[in-house]
Amino acid sequence: MKLPLLEKINIPLILAPMEGITDYIFRNICINNGADAGISEFISSEAIIRNVEKSLKKMKSTDDEIIKWVQIFGNNPSSVAEAAKIAEEHGADIIDLNFGCPVKKVVSKGNGAALLKNLPLMQNIAEEVVKAVKIPVTAKTRLGWDFQNIVIYEAASRLQDAGIKALAIHGRTRSQLYGGKADWEPIAKVKKTSKIPIIVNGDINSGESAKAALEITNADAIMIGRAAIGNPWIFNEVRNELENKPKIEIPLKQKIETCWQHISEFASTKNERVAILEMRKHYSHYFKGINDFKPLKIKLMSAETLEAVKSILNEIESKYF
């Protein structure tokens, strides 16, 4: 079974899975601004099996998402396979396997990027999931655990043999976390020998960097993560660059409207208090580059109600128009 997304669209633009960020509300915002698909926050396979409500809610999607792409993690092949079947029953169109999360609390339990130190287990997990579900399975990983252990070539070969249908590669090692610079050259080498689509990820934060990543890697798709936080318009920016169209500046008014859409939809599905707390991580991104924004940012960060947030957003609009 192939991935229609990669067959029907020339260089699909995909929102990377990010914990605490890529809930269905933010995925929809990105899709409405040029993303071709978005991947859910990662979900623990054990939590799915235990029917943990908070984890199951991460699988929620809306009609705006043509593709429901669910990422799961774990290090027990049978458990991950069982979780994948449950995700499929909940309507997932694609299962993505997390073999790349570098966060200490994840790798310390043998999950995420820790599997770069145990490629046979990584392969076994992928094999069991592929056998367990009828939908396509993809994976996301990194170059290796550290610079002394660049294992992406073997990892890619093993995952391809396991039957995954596409592989997203972040051009950093686990030891780099999100520091340093992403290296796309190893991704280019994987692409040359791969029989499955390769998705380039890491340091793609503009139309220019996306084009450069494609020129180096010849990847089949582009995955954008942190650069989309507070900047969902990056997908349209990248698409315009790839199609040699003029760059479009996003008016502040549109940023304000999108920010309000984000928090109000968040509040309608969870609750006002949770929405206000969760949105605090987004404000500096939505209004990055605005002169003398710090006093207003402080106000936003201390706002306790939706009414207060709306009032401050109106104040921002009044000040800069």
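Going by the working numbering, the first residue of the sequence shown is number -16, and it counts up by one from there.
All C-beta atoms in this analysis are idealised placements derived from N, C-alpha and C, irrespective of residue type, glycine included.
Could you pull the start and end residues of the alpha helix (DSSP H) that residue i belongs to?
i: Lys175; result: Glu168 to Thr176
i: Met42; result: Run containing Met42: none; DSSP gives neither H nor E here.
i: Ile32; result: Ser28 to Ile32
i: Ile246; result: Leu235 to Thr252
i: Tyr303; result: Leu289 to Tyr303
i: Ile279; result: Before going further, note that residue 279 is Leu rather than Ile in the sequence given. Its alpha helix (DSSP H) spans residues Lys277 to Ser285.
i: Ala211; result: First-last for Ala211: undefined, no H or E at that position.
i: Gln106; result: Leu102 to Ala115
i: Gly328; result: Past the edges of the chain, shown from -16 to 304, lies residue 328, and the structure says nothing about it.
i: Lys392; result: Outside the shown range of the chain, which is -16 to 304, sits residue 392, and nothing can be said about it.
i: Ile12; result: Tyr7 to Ile14
i: Lys88; result: Lys87 to Val90
i: Ile273; result: Where Ile273 is concerned, there is no enclosing alpha helix (DSSP H), given that its DSSP letter is neither H nor E.
i: Leu260; result: Glu255 to Met262
i: Glu(-10); result: Pro(-13) to Lys(-9)
I need the boundaries of the beta strand (DSSP E) containing residue i, first residue and last residue.
i: His153; result: Ala149 to His153
i: Trp52; result: Trp52 to Phe56
Taking C-alpha atoms, which residue in the options lies nearest to residue i?
i: Asp47; options: Gly21, Ile(-6), Ile246 and Trp216; result: Gly21
i: Val89; options: Gly57, Pro234 and Ala18; result: Gly57
i: Glu298; options: Leu283, Glu226 and Leu160; result: Leu283
i: Lys293; options: Phe249, Ile281 and Trp243; result: Trp243
i: Arg222; options: Lys(-9), Glu232 and Lys194; result: Lys194
i: Ile118; options: Asn16, Ile50, Lys277 and Ala291; result: Ile50
i: Ala258; options: Val116, Ile181 and Ser247; result: Ser247
i: Ala18; options: Pro0, Gly162 and Arg33; result: Pro0
i: Pro215; options: Ser61, Tyr266, Pro180 and Ile179; result: Tyr266
i: Ser177; options: Thr5, Asn107, Leu160 and Ile152; result: Ile152
i: Glu290; options: Ala250, Tyr303 and Tyr269; result: Ala250
i: Asp186; options: Pro180, Ala202 and Tyr161; result: Tyr161
i: Ile26; options: Asn16, Ile4, Pro(-13) and Ile295; result: Ile4
i: Gly127; options: Val116, Thr121, Val120 and Ala139; result: Ala139
i: Gln159; options: Phe130, Lys148 and Pro60; result: Phe130
i: Ile231; options: Asp6, Ile(-8), Asn16 and Leu(-4); result: Asn16
i: Lys175; options: Asp203, Lys164 and Lys148; result: Asp203
i: Ala115; options: Asn59, Lys68, Val35 and Ile295; result: Lys68
i: Lys148; options: Arg155, Ala122, Lys164 and Gly154; result: Ala122
i: Ala196; options: Pro(-13), Leu(-4), Val120 and Ile(-8); result: Leu(-4)
i: Ile(-8); options: Tyr303, Ser285, Ile205 and Lys277; result: Ile205
i: Leu80; options: Lys41, Val120 and Ala30; result: Val120
Nearest-angstrom Cα distance between residue i and residue j?
i: Glu240; j: Gly213; result: 12 Å
i: Glu2; j: Glu24; result: 5 Å
i: Leu102; j: Pro85; result: 16 Å
i: Glu71; j: Ile78; result: 8 Å
i: Asp166; j: Ser301; result: 43 Å
i: Ser38; j: Ile55; result: 10 Å
i: Ala66; j: Gln143; result: 21 Å
i: Ala210; j: Glu224; result: 16 Å
i: Ile182; j: Trp52; result: 15 Å
i: Glu255; j: Asn184; result: 34 Å
i: Val112; j: Arg157; result: 24 Å
i: Asp76; j: His245; result: 25 Å
i: Ile199; j: Ile108; result: 30 Å
i: Leu(-11); j: Pro180; result: 8 Å
i: Met105; j: Glu261; result: 33 Å
i: Ile32; j: Ser61; result: 11 Å
i: Leu(-2); j: Leu150; result: 14 Å
i: Thr124; j: Thr288; result: 39 Å
i: Thr64; j: Ile14; result: Note on residue identity: the sequence assigns Ala, not Thr, to residue 64. If you take the alpha carbons of Ala64 and Ile14, they lie about 29 Å apart.
i: Phe82; j: Ile(-6); result: 23 Å
i: Lys358; j: Gly93; result: Residue 358 falls outside the range modelled here, since the chain spans only -16 to 304, and no answer is possible.
i: Asn219; j: Lys228; result: 10 Å
i: Lys280; j: Gly146; result: 47 Å
i: Lys264; j: Pro278; result: 16 Å
Does residue i get closer than 8 Å to chain C when you measure Cβ to Cβ?
i: Lys117; result: The chain labelled as chain C is not found in the depicted structure, where only one protein chain is given.
By DSSP's criteria, residue i is part of a beta bridge. Which residues make up the other side?
i: Lys123; result: Asn81 and Ala151
i: Met206; result: Ile(-3) and Asn184
i: Ala75; result: Note: Ala75 sits in no beta bridge, so no partner.
i: Ile22; result: Trp52
i: Ile133; result: Gly127
Given the structure, does residue i come close to the ligand SAH, in the sense that its CB is under 7 Å from one of the ligand's heavy atoms?
i: Pro103; result: In terms of ligand content, the structure shown is empty, and the ligand SAH therefore cannot be addressed.
Next item on the list: Assess, as a yes-or-no matter, whether the region 94 to 102 is touched by the region 168 to 183 under the definition of 3 or more beta carbon pairs within less than 8 Å.
Entry: no
Next item on the list: Say whether the region 268 to 276 touches the region 237 to 251, bearing in mind that this needs 3 or more beta-carbon pairs closer than 8 Å, one atom from each stretch.
Entry: yes
Note to self: Under 8 Å: do the region 133 to 145 and the region 190 to 197 share three or more Cβ pairs, one atom per stretch?
What the structure shows: no
Margin query: Taking contact to mean 3 or more Cβ pairs, one atom from each stretch, closer than 8 Å, check whether the region 35 to 47 and the region 3 to 17 are in contact.
Written below: yes
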